[in-house]
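Under mature numbering (1 follows the signal peptide of the UniProt record, and there is no 0), the letters of the sequence shown match residues -24 to -1, 1 to 238, in that order. Input: a single structure, listed below in C-alpha cells.
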Amino acid sequence: MTTLLSKFVGVAGAAALVATPALAEKADQLIDINGSYGRDAESALQSRGFSHVSTNKKSSGYVYSYWWNERDDDCVQVEVYNGRVETITDASDQDCGHHKGGNAAAAVGVVAGAALLGALLSHKGSHHDDGQHSSDHQAEAQYERGYNDGLHNAAYHNYDRSDAYSSGYSAGVDQRNANLSHHSGRGGYAQHVAFNDLQGARAAGGMDELERRGFSQVDNFTSGNTRYSIQWRSASRQCVQVTIADGHLYDLRDIGQHPNCR
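Below you can see the structure in the form of C-alpha cells.
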C-alpha cells in the first residue's frame, strides 16, 4: 500500500538507502537522509525504529511529515520539496500525538469539556512561521482555534483580537488550499482541467500546454510590458485569464466569464 512520504513525492528515482538497524536517533544524527528521495527516506527511517504519524502538504509545495520512535520517545519532522528530503529536525512530542507531563488540555492551558480535546492540536509546528509551537499556552490555544476555523472555512471570529488567532487562521486557510489543490473550485458533472500547475512556466511551452489541454485563445491584449491572454475551454466552460510577464506565465485564474468565452 502506497502511504506516507511516497504518497506525496512519487516514485523514487534512485537506489534505496542501505541503513543498518540501530537505536533511535535524534534529528542531527539523521542528516545522512537529507537529499534522498521520499521512498528511500521512508525505508531509512523505518529501519531506525521510526513509524509514520502524519503528513501535511503546504500550498507552496513543501511536504512535512512526522515520525515517532516509541523506544526513545522521539519525534522528528521531515521536510520534503520536489521529491527530495531537504531537512530533518526534532519536533515536539505533541506533533506526534504524544504529551509528556500531563494531559492534552493541560499542555495548552485549555479549560474545556472533553469534546474539545478531539480537535486539540490538529496543527503542527510546521504550520507556524518559525516552525515551532508557542511556549505561551494561551497563544497556542488561540492559534489552534484560528487554524481550525481557517481549515474548515469557518467565518473569521477573532473575539480575543489575538495575533495568534490571526496567524492560525491564515495557516488553516493555506492548509485548506493545499488539501484542495486538486479541485477546480467549480461544481457540477463536467470534468474540469487543471491549469494552476503552469504558473511560472515559460510562456511558449505553457501556452502550448494549455492548447494541448483543450484551451483556445479568444482574446489577447497588452498593458505596458505585460500581456494578457483569455483562454476558453468550451467542454468544461472554463474561462481563464493568463498573465504573461518576463517570458513566463505569471498568473493563471478562472475569471468565470468574458464576452468571448462562449
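Glycine is no exception: its CB is placed at the ideal position from the N, C-alpha and C atoms. None of the values given here were measured: they were computed from a predicted structure.
Give every residue of the same chain whose Cβ lies closer than 7 Å to the Cβ of residue i, excluding the five residues on either side of it in the sequence, and list them in chain order.
i      : result
Gly223 : Arg178 and Ala179
Phe191 : Gln207, Trp208, Arg209 and Val216
Leu228 : Phe171, Asn172, Leu174, Gln175, Val216 and Val218
Gly148 : Gly122, Tyr123, Asn124, Asp125, Gly126 and Leu127
Classify residue i: buried if its beta carbon has 16 or more other beta carbons within 10 angstroms, exposed otherwise.
i      : result
Ala67  : buried
Glu46  : exposed
Glu18  : buried
Ser157 : exposed
Phe26  : buried
Check this for me: beta carbons of residue i and residue j, under 9 Å apart or not?
i      : j      : result
Ser102 : Tyr40  : yes
Val52  : Tyr13  : no
Ala140 : Ser110 : yes
Arg121 : Gly144 : yes
Tyr42  : Lys2   : no
Asp195 : Asn236 : yes
Ser199 : Met183 : no
His168 : Gln214 : yes
Asp105 : Lys34  : no
Ile231 : Arg203 : no
Using C-beta distances below 8 Å, list every residue in its chain close to residue i, excluding the 5 sequence neighbours before and after it, in chain order.
i      : result
Glu185 : Leu174 and Ala177
Which class does residue i belong to by DSSP, given the choice of helix, strand or coil?
i      : result
Ile9   : helix
Gln151 : helix
Asp136 : coil
Ala179 : helix
Tyr165 : coil
Asn32  : strand
Ser110 : coil
To which residues of the same chain is residue i closer than 6 Å at the C-beta, ignoring the five residues directly before and after it?
i     : result
Asp71 : Tyr42, Cys51, Lys100 and Gly101
Is residue i close to chain D? Criterion is C-beta to C-beta, closer than 9 Å.
i      : result
Arg189 : Checking the listed chains, one finds no chain D in this structure; it contains a single protein chain.
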